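Asks: The structure under discussion is supplied below as structure tokens; questions concerning it will follow.
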Amino acid sequence: MPETLPVHGARRSDAISIARVICILGVIYVHAWTGLNGEMLASLRGSTQDDLRWTLMEIFGRSAVPLLGLISGWLVAASGRTRDWTGHIARKARTILLPMILWNMLAILFVSGAAWLFGLSAPQPRSLWWVVDEVLILTRNPDINVQMPFLRDLFLCMVAAPLLVRLPDWTLGLIVILAGAAHIAGLGPPVLMRVSILFFFVLGILTRRHAGEEWIARLPLPLALLPFALLMAAQLYRTIRLGDGEWLSFQRSLDLAVRVSAAIAFWRLAWALAGSVVRGLLLRLEPFAFFFFCAHLILIWLGGPVLGAIFGPMGSSLYPIYLIAQPFVILAAVIPAGLALQRIAPGAASILSGGRLRAR
3 MPETLPVHGA
13 RRSDAISIAR
23 VICILGVIYV
33 HAWTGLNGEM
43 LASLRGSTQD
53 DLRWTLMEIF
63 GRSAVPLLGL
73 ISGWLVAASG
83 RTRDWTGHIA
93 RKARTILLPM
103 ILWNMLAILF
113 VSGAAWLFGL
123 SAPQPRSLWW
133 VVDEVLILTR
143 NPDINVQMPF
153 LRDLFLCMVA
163 APLLVRLPDW
173 TLGLIVILAG
183 AAHIAGLGPP
193 VLMRVSILFF
203 FVLGILTRRH
213 AGEEWIARLP
223 LPLALLPFAL
233 LMAAQLYRTI
243 RLGDGEWLSF
253 QRSLDLAVRV
263 SAAIAFWRLA
273 WALAGSVVRG
283 LLLRLEPFAF
293 FFFCAHLILI
303 WLGGPVLGAI
313 FGPMGSSLYP
323 IYLIAQPFVI
333 LAAVIPAGLA
343 LQRIAPGAAS
353 ILSGGRLRAR
């Protein structure tokens, strides 16, 4: 039987906050420290640890991210302030673009600085244009903060949002189809580094208009998870057993189908968690989620080798423990850092957290 609890605003708001937490924690597995270069990783292809790494990456990393874009579109469609283009863009520049720029600058300062001073194996500036592109993400994905194209593309979607929210359903549906086709065809850069973000952003607007989040929240949990489980099994078999083949269009089509089913599954899971005993804990973590997202790769670059000296690189007997624990290790570092910054420099804490960590 579908869930009988009403999809009221308070629980929905909690579910959105919880979805942010579980999605952003999952992103860590995509960027987890391995201690190996590309050639050494390739040599472990097919090993138990490599299979574990890919399983975590696919289920909790790449599959969770689409829900973040969908939620952003849903929130934009729900806000009357979106129609004020000037005020809307100013707010999003302050809460998305400015933190992205500042965190990219901090990444160069700390990560490239550690590479120059202490011999850390990490990217270093090669030219002035490299620095500009690394900070602003104009023509390529960054070498250090590889997660930041999400914020870059999300900001561009926000720039278009005042127009998008005025378009009729059929036009938004056409944009979704074109964005999906571009993802399958491998198009997008340098206009959008990840065109799938536009796909889910616009899908979020349509979801809001037709109360799709309410329909999903009322689904039995096993039924909401089933498409994701089946498609993910196919995705993992392709990724782990077959690798990249010649049928790139088929692979990208499967990838997009997995992402859609993942957004449904993770939203339904977030809804369930919003009514569970862990609700309070997850809501207390939510103000740190944006800070966590922006800071985590700097911490992985700098801290990964330190703990890696204890647990060993991928292939070592203790590495699976380290791999699974990495999101929680980083969280344990981010929360004290965020609280300290909030106390010492509340203005900086607010900017770097996208406005989430405000002065007390």
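Take the sequence shown: its position 205, counting from 1, is numbered 207 in my numbering, and each next residue is one higher.
By construction, the Cβ of each residue, glycine as well, lies at the ideal position given by its N, Cα and C atoms.
All figures in this text were calculated on a predicted structure; none of them were measured in a lab.
Who are Ser318's beta bridge partners in DSSP?
Replies: BP columns for Ser318 point to Met316.
Asks: Quickly, what does DSSP pair Pro348 with across the bridge? List them, please.
Replies: For Pro348, which the question treats as bridged, DSSP gives no partner whatsoever.
Asks: Name the residue from His90, Glu41, Asp53 and Leu70 whose alpha carbon lies nearest to the alpha carbon of Ala264.
Replies: It is Leu70 whose Cα lies nearest to the Cα of Ala264.
Asks: Tell me the residue span of the alpha helix (DSSP H) that contains Met150.
Replies: Per DSSP, Met150 belongs to no alpha helix (DSSP H) and is neither H nor E.
Asks: Can the beta-carbon of Ala335 be found less than 8 Å from the beta-carbon of Leu343?
Replies: No. Outside cutoff.
Asks: From this set, Leu287, Val113 and Met150, which residue's C-alpha is nearest Ile302's C-alpha?
Replies: The shortest C-alpha separation from Ile302 is found at Val113.
Asks: Let's test the definition: count the other Cβ atoms within 10 Å of the Cβ of Gln22 and tell me whether it reaches 16, buried, or not, exposed.
Replies: Note on residue identity: the sequence assigns Arg, not Gln, to residue 22. With 16 or more Cβ atoms within 10 Å of its Cβ, Arg22 is classed as buried.
Asks: Suppose you measure from the CA of Asp145 to the CA of Arg220; what does that come to, to the nearest Å?
Replies: About 42 Å.
Asks: Just how far apart, CA to CA, sit Leu271 and Leu223?
Replies: Rounded to whole angstroms, Leu271 to Leu223 spans 7 Å at the Cα level.
Asks: Where DSSP assigns a beta bridge to Pro192, which residues make up the other side?
Replies: Answer is Gly190, bridged to Pro192.
Asks: Among Ala109, Leu138, Arg85 and Ile103, which one has its Cα closest to the Cα of Leu299?
Replies: For the residues Ala109, Leu138, Arg85 and Ile103, the minimum Cα distance to Leu299 belongs to Ala109.
Asks: Under 8 Å, Cβ to Cβ, is there at least one residue of chain B near Gly356?
Replies: As a matter of chain content, chain B is missing from the structure shown, which is built from one protein chain.
Asks: Using a 10 Å radius around the Cβ and a threshold of 16 neighbouring Cβ atoms, would you call Thr84 buried or exposed?
Replies: Buried, because 16 or more other Cβ atoms sit within 10 Å of the Cβ of Thr84.
Asks: For Phe268, which option in Gly214, Leu227 and Gln149 has the closest C-alpha, if you only look at C-alpha atoms?
Replies: Checking every option, the nearest Cα to that of Phe268 belongs to Leu227.
Asks: Let's test the definition: count the other Cβ atoms within 10 Å of the Cβ of Ile207 and tell me whether it reaches 16, buried, or not, exposed.
Replies: Buried: at least 16 other Cβ atoms inside 10 Å.
Asks: Buried or exposed, going by whether 16 or more other CB atoms sit within 10 Å of the CB of Ile18?
Replies: Buried: at least 16 other Cβ atoms inside 10 Å.
Asks: Please determine if the region 168–181 and the region 308–325 are in contact, where contact requires at least 3 C-beta pairs separated by less than 8 Å.
Replies: The answer is no - the region 308–325 does not touch the region 168–181, with fewer than three Cβ pairs under 8 Å.
Asks: Is the number of C-beta pairs between the region 99–106 and the region 352–360 that are closer than 8 Å three or more?
Replies: Contact holds: three or more Cβ-Cβ distances are below 8 Å.
Asks: With a Cβ-Cβ cutoff of 8 Å, do Ser74 and Leu200 count as a contact?
Replies: Contact flag unset, no.
Asks: Using 8 Å for Cβ pairs, my map puts Leu285 next to Ile20. What's the rounded Cβ distance?
Replies: 7 Å between Cβ atoms; contact.
Asks: Alpha carbon to alpha carbon, how far is Val178 from Ala163? Give it in angstroms, no decimals.
Replies: One C-alpha to the other measures close to 14 Å.
Asks: My guess is that Arg261 and Pro68 are in contact by the Cβ rule of under 8 Å, so how many angstroms apart are they, rounded?
Replies: Between Pro68 and Arg261 the Cβ distance is about 4 Å, and since that is below 8 Å, they are a contact.
Asks: Give me, in chain order, the residues of the same chain whose beta-carbon lies closer than 6 Å to that of Pro307; leave out the 5 immediate sequence neighbours on both sides.
Replies: Counting only Cβ-Cβ distances below 6 Å, and skipping sequence neighbours, we find nothing.
Asks: From Leu258 to Gly182, what distance separates their C-alpha atoms?
Replies: Distance between the alpha carbons of Leu258 and Gly182: 7 Å.
Asks: Quick check on this structure: which residue in Ile26, Val193, Asn147 and Ser255 has the alpha carbon closest to the alpha carbon of Leu111?
Replies: If we check each option's Cα against that of Leu111, Asn147 comes out closest.
Asks: Rounded to a whole number of angstroms, what is the C-alpha to C-alpha distance between Phe313 and Pro348?
Replies: Roughly 36 Å separates the two Cα atoms.
Asks: Rounded to a whole number of angstroms, what is the C-alpha to C-alpha distance between Trp249 and Arg240?
Replies: Distance between the alpha carbons of Trp249 and Arg240 is about 11 Å.
Asks: How big is the Cα-Cα spacing for Ala34 and Leu166?
Replies: Going from the Cα of Ala34 to the Cα of Leu166 covers about 36 Å.
Asks: Quick one: complete beta strand (DSSP E) runs, 3+ long, within the region 73–112?
Replies: Counting whole runs of 3 or more residues, the region 73–112 contains no beta strand (DSSP E) stretch at all.
Asks: So, helix, strand or coil for Arg254, using DSSP?
Replies: Here Arg254 sits in helix by DSSP.
Asks: Does the distance from the C-beta atom of Pro329 to that of Ile30 stay below 8 Å?
Replies: Yes; because the gap between Cβ atoms is below 8 Å, this pair is in contact.
Asks: Going by the beta-carbon positions, is the gap between Arg196 and Phe152 smaller than 8 Å?
Replies: Yes, these two residues count as a Cβ contact at 8 Å.
Asks: Find out if the Cβ-Cβ distance for the pair Ala276, Arg13 is shorter than 8 Å.
Replies: In contact: Ala276 and Arg13 (Cβ atoms closer than 8 Å).
Asks: Under the rule that 16 or more other beta-carbon atoms within 10 Å means buried, what is Ile346, buried or exposed?
Replies: Ile346 comes out exposed.
Asks: Tell me whether the beta-carbon of Leu392 lies closer than 8 Å to the beta-carbon of Tyr324.
Replies: With the chain running from 3 to 362 in the structure shown, residue 392 is simply not present.
Asks: Could you check how far apart the C-beta atoms of Ile61 and Phe295 are, in whole angstroms? I think they sit under 8 Å.
Replies: Ile61 to Phe295, Cβ: 18 Å. No contact.
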